[in-house]
Amino acid sequence: MSTVPTSFKRSESGGLRIEWSDGHVAELPLEFLRDECPCAGCKGEMGLLGVYHPPPPQEGKPGQYGLKKVEPVGKYAVNLIWEDGHDTGIYSWSYLLEIENKRSAAEN
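Numbering (the numbering used here), first residue to last: 8 to 115.
Next comes the structure, spelled out in structure tokens:
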């Protein structure tokens with residue numbers, strides 16, 4: 008069985024607290040989640056013939072790290088909607104686990 012969230016809520020530190028079905032708990036800061044947004048506008052995209060097109064440089068915007076709303080996407084992901092209007096990042100459960108592991112590895 009895949010690991011899926013059993014609880015998804017704001018943490019006391021202001022980030023997101025995710026409790027997973029395997030029993031572990033992750034607390035991810037909002038800044039980290041926004042910087043790891045998986046949408047093509049933030050991560051870049053593959054064009055024709057497999058040519059990678061990086062995203063344009065991002066400038067800080069008011070509300071960039073403020074989370075407005077979390078919406079479920081089916082039974083496999085959430086869409087994080089930011090106060091600056093950005094709303095195209097779909098964070099799948101597997102992607103959240105991947106970036107959580109990336110953050111944990113960087114801290115150790």
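From the three backbone atoms N, C-alpha and C, an ideal C-beta is built for every residue, glycine too. Note that this is a predicted model, so its numbers are computed, not measured.
Residue j beta carbon less than 8 Å from that of residue i
| i | j | result |
| --- | --- | --- |
| residue 71 | residue 89 | yes |
| residue 45 | residue 27 | no |
| residue 50 | residue 62 | yes |
| residue 33 | residue 107 | yes |
| residue 112 | residue 98 | no |
Cross-strand partners of residue i (DSSP beta bridge)
| i | result |
| --- | --- |
| residue 86 | 78 and 97 |
| residue 15 | 25 |
| residue 102 | Residue 102 is not bridged to any residue. |
| residue 59 | 53 |
Nearest to residue i (by Cα), restricted to the options the options
| i | options | result |
| --- | --- | --- |
| residue 3 | 101, 104 and 76 | This structure cannot speak to residue 3, because the chain is shown only from 8 to 115. |
| residue 110 | 19, 38 and 30 | 38 |
| residue 104 | 18, 43 and 81 | 43 |
| residue 30 | 14, 20, 41 and 52 | 14 |
| residue 40 | 100, 87 and 91 | 87 |
Same chain, Cβ closer than 6 Å to residue i, five either side skipped, listed in chain order
| i | result |
| --- | --- |
| residue 35 | 22 and 23 |
| residue 16 | 24 |
Inset, instruction - Please list the segments of the beta strand (DSSP E) lying wholly inside the stretch 28–52, counting only runs of 3 or more residues, in order along the chain. - result: Fully enclosed beta strand (DSSP E) runs of 3 or longer: 32–35.
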